[in-house]
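**Q** Numbering (the UniProt record's numbering), first residue to last: 1 to 202. The beta-carbon is built from N, C-alpha and C at its ideal position, and this holds for glycine as well.
(1) Considering only their Cβ atoms, is the gap separating residue 88 from residue 203 smaller than 8 Å?
(2) Just the C-alpha distance for residue 97 and residue 143, rounded to the nearest angstrom, thanks.
(3) Looking at C-beta atoms only, is the number of pairs between the region 159-173 and the region 186-193 that lie closer than 8 Å three or more?
(4) Can you check DSSP and say which residues form a bridge with residue 173?
(5) Per DSSP, which one or two residues make a beta bridge with residue 160?
(6) Which residue marks the beginning of the alpha helix (DSSP H) containing residue 93, and which one marks its end?
(7) Answer yes or no: do residue 69 and residue 62 have a C-beta to C-beta separation smaller than 8 Å?
(8) At which residues does the alpha helix (DSSP H) containing residue 59 begin and terminate?
(9) Could you tell me the distance, in whole angstroms, from the CA atom of residue 2 to the CA atom of residue 174?
(10) State the Cα-Cα distance for the pair residue 162 and residue 154, rounded to the nearest angstrom.
(11) Please go through the same chain and pick out, in chain order, the residues whose beta-carbon is closer than 6 Å to the beta-carbon of residue 188, but skip the five residues on each side of it.
(12) Assuming residue 57 and residue 80 are in contact, meaning their beta carbons sit under 8 Å apart, how far apart are those beta carbons, in whole angstroms?
(13) Work out the CA separation of residue 65 and residue 74 for me, nearest whole Å.
(14) Can you tell me where the alpha helix (DSSP H) holding residue 76 begins and where it ends?
(15) Any idea what DSSP makes of residue 32, helix, strand or coil?
(16) Reducing DSSP to helix, strand and coil, say where residue 199 ends up.
(17) For residue 192, which residues does DSSP report across the bridge?
(18) When burial is assigned at 16 or more other CB atoms within 10 Å of the CB, is residue 201 buried or exposed?
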């Protein structure tokens, strides 16, 4: 038991020394360090949104066809990557490769792209698209900014500002000061407001 404790302490000491060296080096190079929790996708909102969409897609596929979720994952990922997003107006596939994907249905039912396929023309078009990919991404970025403003305005129209007065009883989120589990209450209190410090602070 003492062996493990001493080796843990050695590891901690080495990590703190290396950490100090890295901090000094970063300060010398004027680099600001930012730390994040790697093991918690909750720390990244976009990851959470993507995971939620994928889980919903897998659930829908399992309701329709049944089976093992691992078998359905590739189909759900394919759909996620090839369907245009409302926020960008483009599919993730087109933002990476600069062109739209030929979906399996187009191969079974001949479409204009499939019938008139020429390998040489295709190569030239793909090269052209790669030259235009930055323009496509810029267009998607501008679309995303407009979409974001629309969402902000829509949200702000629905929000009702609520102020509290001295003497009002209020509830506070339970996780405001300490982490809580899913089974713990979401709110704690009531608390009585004794003073108003500033906008939204009591």
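**A** Straight from the coordinates:
(1) In the structure as shown, the chain begins at 1 and stops at 202. Residue 203 is therefore absent and cannot be evaluated.
(2) 19 Å
(3) yes
(4) 187
(5) DSSP lists no partner for residue 160.
(6) 92-97
(7) yes
(8) 45-65
(9) For residue 2, the pLDDT reaches just 44, beneath the cut-off of 50, and the residue's location in the model is therefore unreliable, although a value from the coordinates is still provided. C-alpha separation (whole angstroms): 39 Å.
(10) 18 Å
(11) 172 and 174
(12) 7 Å
(13) 14 Å
(14) 69-82
(15) coil
(16) coil
(17) 169
(18) exposed
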